Every structure is written in C-alpha cells, then in structure tokens.
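**Q** Handing you a structure now.
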Amino acid sequence: MLQENVSSSQQAATSEDGRASLLDRSVAAVLRIDWETAAWIGILILAVISRFYDLGARAMSHDESLHAVYSYDLYRQGDYQHNPMMHGPLLFHINAFIYLLLGVSDATTRFGPALAGVGVVMAAWLFRRWLGRTGALMAGVLLLVSPSVLFHSRYIRND
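Right under this line is the structure:
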C-alpha cells in the first residue's frame with residue numbers, strides 16, 4: 001500500500017512530457033548546463049564587468065555633461081523642454097528614472113548606456129537561429145571586445 005502511494009505521488013509530480021517537475025529533480029540535474037550556455041554566461045559576466053567597472057572614474061565630456069544636467073533638471077523639477085539639438089527625450093527620461101532609483105553621480109549618469117551595452121552584446125544570442133550556435137557566440141564575443149561598442153556603452157550620448 002505504501003509503495004502504491006509513492007508511485008502515484010511520483011506520477012503526479014511528472015509533467016505531461018514525462019519529465020519530473022523542477023522541485024522533484026536533484027540540484028545537480030537542475031544546474032546541469034552545456035558548453036554553449038556556459039559560454040553565454042561567461043560573455044554576460046564579462047560584458048557586465050567591462051561595461052560597469054569604474055564607470056564614474058572618467059571626467060565627463062561637454063556632451064555628457066549636457067545630458068547629465070538636462071536629466072538632473074527633469075529628475076529634480078519634472079521639467080523637460082525639447083530641443084532638437086539634443087535629439088529626443090528618451091535618454092533624459094531613462095536617466096532621470098535611474099537618478100530616482102540609484103541617486104545622482106557620474107556613474108549613475110552612465111548606467112543607462114552601460115545597461116544598453118550589455119544588451120547589445122547579449123542581443124547576438126537572439127540571432128542563434130540564423131547565425132548558428134557558433135556564429136552567434138562569435139558575434140557576441142566580437143561585440144564584447146569591440147572598442148567602439150565598449151566606448152559607446154560607457155558614454156552617455158544618444159548619437
């Protein structure tokens with residue numbers, strides 16, 4: 001009788017495709033990853049480190065300071081006047097929201113572009129279907145080490 005109850009509970013814990021549910025699998029089985037997943041995790045970690053490390057150390061350029069000031073004005077006063085010379089308002093609104101969440105500093109001023117830079121590197125993963133696994137990984141690595149992509153990922157400008 002006890003054996004029958006165990007068997008019926010094990011059957012109930014399996015999904016429709018015959019695999020055990022996540023909570024019924026061992027930790028080792030849940031954490032098992034293949035080489036491709038490990039490579040993408042490594043790329044993600046390196047992208048985060050290279051984009052966010054010492055983000056506020058460099059002095060701001062004139063263009064960056066304009067973006068920082070207009071974002072700060074929007075954050076403090078809720079005031080934004082569109083100026084075609086400064087392009088659209090999206091970056092200013094994102095930056096004002098980041099100021100609200102994380103405070104105001106040189107590093108938080110560049111937080112949005114750094115986050116977008118990580119997204120650019122990881123966007124190669126979305127093209128695996130067309131590039132293949134190896135091609136997408138190579139694209140991710142090239143985007144990771146590209147000096148131009150890295151520079152613009154650590155610089156607050158929308159050009």
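Just so we're aligned: 132 in the numbering used here is position 132 of the sequence shown, and the numbers increase by one with no gaps anywhere.
All residues carry an ideal CB built from backbone N, CA and C; glycine is no exception.
Treat the numbers as computed from the prediction; the structure is a model and nothing was measured.
Is residue 80 helix, strand or coil by DSSP?
**A** Three-state result, residue 80: coil.
**Q** Is it the case that the segment 60-74 contacts the segment 140-149, given that we only count it when at least three CB pairs across the two stretches are under 8 angstroms?
**A** Taking 8 angstroms as the limit for Cβ pairs, the verdict is that the segment 60-74 does not touch the segment 140-149.
**Q** With respect to the alpha helix (DSSP H) encompassing residue 38, which residues constitute its N-terminal and C-terminal limits?
**A** From DSSP, the alpha helix (DSSP H) with residue 38 extends over 35-52.
**Q** Just the Cα atoms here: how many angstroms apart are residue 37 and residue 44?
**A** The straight-line gap from Cα to Cα measures roughly 10 angstroms.
**Q** Let me know the secondary structure DSSP gives residue 59 once reduced to three states.
**A** Reduced to three states, the DSSP call for residue 59 is coil.
**Q** Using a Cβ distance threshold of 8 angstroms, determine whether the segment 44-55 contacts the segment 70-88, with at least three qualifying pairs required.
**A** The segment 44-55 is not in contact with the segment 70-88.
**Q** Would you say residue 91 and residue 158 are within 7 angstroms of each other, going by their C-beta atoms?
**A** In contact: residue 91 and residue 158 (Cβ atoms closer than 7 angstroms).
**Q** Which residues in the same chain as residue 70 place their Cβ atom closer than 6 angstroms to its Cβ, once the five residues preceding and following it in sequence are excluded?
**A** Cβ within range, chain order: 92.
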